[in-house]
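Notes follow once the structure below has been shown.
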Amino acid sequence: MAKSKNVMSSGMPELPKVLSGIQGLDEITFGGLPKGRPTLICGGPGCGKTLLAMEFLCRGAVQYNEPGVFIAFEEKEQDLVENFASLGFDLKALIKHKKLAIDYVYIERSEIEETGEYDLEGLFVRLSAAIDSIGAKRVVLDTIEALFSGFSNESILRAELRRLFRWLKDKGVTAVITGEKGETLLTKHGLEEYVADCVIFLDHRVTEQISTRRLKIIKYRGSKHGTNEFPFLIGDNGISVFPMTSLLLLGRVSSQRISSGVKSLDEMFGNKGYFRGSAILVSGSAGSGKTSFGAQFVDSVCREGKRALYFAFEESEDQLSRNMRSIGINLKNWIGKGLLKIAANRATLCGLEMHLVMAHNAVKEFKPEVVVIDPLTTMIGSGMANETKAMMARLLDFLKNEGITVLATDLTLVGAKSEETEIGISSLCDTWMRLSMESQGYKRMRRITIIKSRGMKHTHETKDLMITNNGLEIKEIPGLKENVQ
Amino acid sequence: MVKVKRAPKTSKPNKYVLRLYVAGLSPRSQKAIKNIRKICDEHLPGQCQLTINDIYQNPILAKNGQILAAPTLIKELPLPLRRFVGDMSDTNKLLVGLDLRFLDKPGIDPVAR
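Chains as they are written, first to last, in the working numbering: chain P, 125 to 609; chain B, 962 to 1074.
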């Protein structure tokens, strides 16, 4: 009994792995790529294969002191250097410091005549020389399938490929092989047949004119791995894979409170306001004052000398400042002092992944205490509803992990849409306030209800919301108390 | 069968620069060396400069010469540059590739030597 327990315990030696250094990839592979074995990365054109492979080498060289060899079948050394410079990789310097070796393999079918038996010893010799020249631990072959376009004798090629992968294993280098996606097979020429230890599939998909990149680990022998499709993005710093950290829920929590900027609103939350680092959702119909909530919050944060970042998806910076001046909030003042940054762009400007990157970068750069997303709903226009939810989950998780308080507004239409919010985003939020408009005779009144607020005392009464020249004000609904009594 | 005739005699004999890359002295390498020497002697006497490189001895040559397969023969001159891979046992293909024979051009005088 005890023995079987031992076998099952996690104390067993796991498959040795090397960290790729690529953001997120090491998490979903539980420690990186298999050490000393080849990994196949396949996908269609433009899906990021070469980038992933090169980043694997660069990060290996810089972060883990593992020099790498890049055998390029498609791009010349100079092209690679130029292409990767735009992603912040200085290949020239790496080459100079003997951390990286690039060998461009030129194959031109029209120049090659086959006159009898041959093997690919030339490739082996070059590879071997390149590995030995810098003591490489990592090797990339991008993409070895080009061989099939240069040589017509497939039986020789296949035998040589088999030999090559065996040879790479014997050399003990961790290899990444890229392959173009095939019609029925994973790769055009069935490379997966030879490289069977770890297969990663990259995908670049366009739904409703908006593209998303995804990564999936198809197999990983001898290791557990995430089986989902993970969205990834190519940003200024290379690839970032987004594991669904929301599943882990590891965010640190704070019991500190932060004022909402409206005294009478703070009173509704037991006189203290929101939790610091929590996610707050303000939903409501058109014109119910959602943006004002955001502005008030930002204003009060800036008043304390802290930074706030405002993502505006409907209004420009100027428009927002002008409109908020009407309720006595001077946003321009805070912008001038460098405490507030308004990032305004249309949600349909780019895909969800790019929004995520932009939000990511803006937050990392500006280091705000508070982030306002106004409104969250427009995002649905730039992606499928469930994708939006996944993206929002990642964004909110990221912000919460950074300890940032987020206030998001959400436009609800009367009827079905509010349900969508309910199952969609509200479950990701800690505090949810609903604004509504009620008609009383000839007048429309704004009402505010706290639907939930995790972990704190709050009022359950629906109250009157007034937008005055000096900001928001919340009052008891006149005459209601008497009626109740 | 494809009819093969020799290329017409040119007024001035071209200088041939050939480079053969082999990987060690394997039987295949030796066969390739033997075959190409024979072609040089028979078809290009005195106008062929043949160099034999062993990429095992000098791996940098494999990189500089863009060698993948072994053996590889490169016809550097006359242009255009052409690569032949294999043990050079397909004499016919080799002669055509070296412009010493033309395909399907009957009635033209062969290169008489």
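All residues carry an ideal CB built from backbone N, CA and C; glycine is no exception.
In chain order, Y982, V983, A984, I1016 place their CB closer than 7 angstroms to the CB of A1031 (chain B), counting only its own chain and leaving out the 5 sequence neighbours on each side.
Boundaries of the beta strand (DSSP E) harbouring N1014 (chain B): 1009-1015, taken from the DSSP string. Residue burial is scored here from C-beta neighbours: V530 (chain P) has at least 16 other C-beta atoms within 10 angstroms and is therefore classed as buried.
At a beta-carbon threshold of 7 angstroms, the residues of chain P lying near R1043 (chain B) are E235, E237, ordered along the chain.
Assigned with DSSP and collapsed to three states, H328 (chain P) falls in strand. C166 (chain P) and L310 (chain P) do touch by the CB rule: their CB atoms are close to 5 angstroms apart, below 8 angstroms. The C-beta of L247 (chain P) comes closer than 8 angstroms to at least one C-beta of chain B.
Looking at P:Y188, P:T592, P:R570, P:G429, the one whose alpha-carbon comes closest to that of G452 (chain P) is P:T592. Bridge pairing for C322 (chain P): P:T163, P:Y344 [DSSP].
A distance below 6 angstroms between beta-carbons, with the five flanking residues on each side excluded, links K599 (chain P) to the following residues of its chain, in chain order: D588. Between D1060 (chain B) and chain P, the shortest Cβ-Cβ separation is not below 8 angstroms. The residues L139, in chain order, have a CB closer than 6 angstroms to that of S347 (chain P) in the same chain once the five nearest residues on each side in sequence are set aside. For A196 (chain P), the number of other beta carbons within 10 angstroms of its own is at least 16, and it is reported as buried. Counting other Cβ atoms within 10 Å of its Cβ, H584 (chain P) stays below 16 and is therefore classed as exposed. Rounded to the nearest whole angstrom, the CA to CA distance from L1022 (chain B) to I324 (chain P) is 35 angstroms. Under the Cβ distance rule, R250 (chain P) counts among the residues neighbouring chain B, one pair being separated by less than 8 angstroms.
Between the alpha carbons of S144 (chain P) and C182 (chain P) lies a gap of roughly 9 angstroms. In the three-state scheme derived from DSSP, where H, G and I count as helix and E and B as strand, F421 (chain P) is classed as helix. A436 (chain P) sits in a strand when the DSSP states are folded into three classes. One finds Q1027, L1029 in chain B with Cβ atoms closer than 9 angstroms to the Cβ of I231 (chain P), taken in chain order. Linking F354 (chain P) to R518 (chain P) through their CA atoms gives a straight-line distance of about 11 angstroms.
Uninterrupted alpha helix (DSSP H) stretches at least 4 residues long and entirely within the region 171-229 of chain P occur at 173-187, 201-209, 215-220, given in chain order. When C-alpha distances from Q380 (chain P) are compared across P:L433, P:M580, P:K312, the shortest belongs to P:M580.
The C-beta distance from L215 (chain P) to L224 (chain P) rounds to 6 angstroms, short enough to meet the 8 angstroms contact threshold.
For K1036 (chain B), the beta-bridge partners assigned by DSSP are B:L979, B:R1043. Secondary structure at F275 (chain P): coil, using DSSP grouped into helix, strand and coil. Below the 8 angstroms Cβ cutoff, chain B contributes no neighbours of E198 (chain P), its closest Cβ being approximately 14 angstroms away. Within the same chain, F325, E353 come within 6 angstroms of K340 (chain P) by CB-CB distance, once the 5 residues on both sides are set aside. Here the alpha carbons of V297 (chain P) and D1060 (chain B) stand approximately 44 angstroms from one another. Annotation: Cβ neighbours of F275 (chain P) in chain B (cutoff 9 angstroms, chain order): L1029, A1030, V1046.
Bridge pairing for Y242 (chain P): absent [DSSP].
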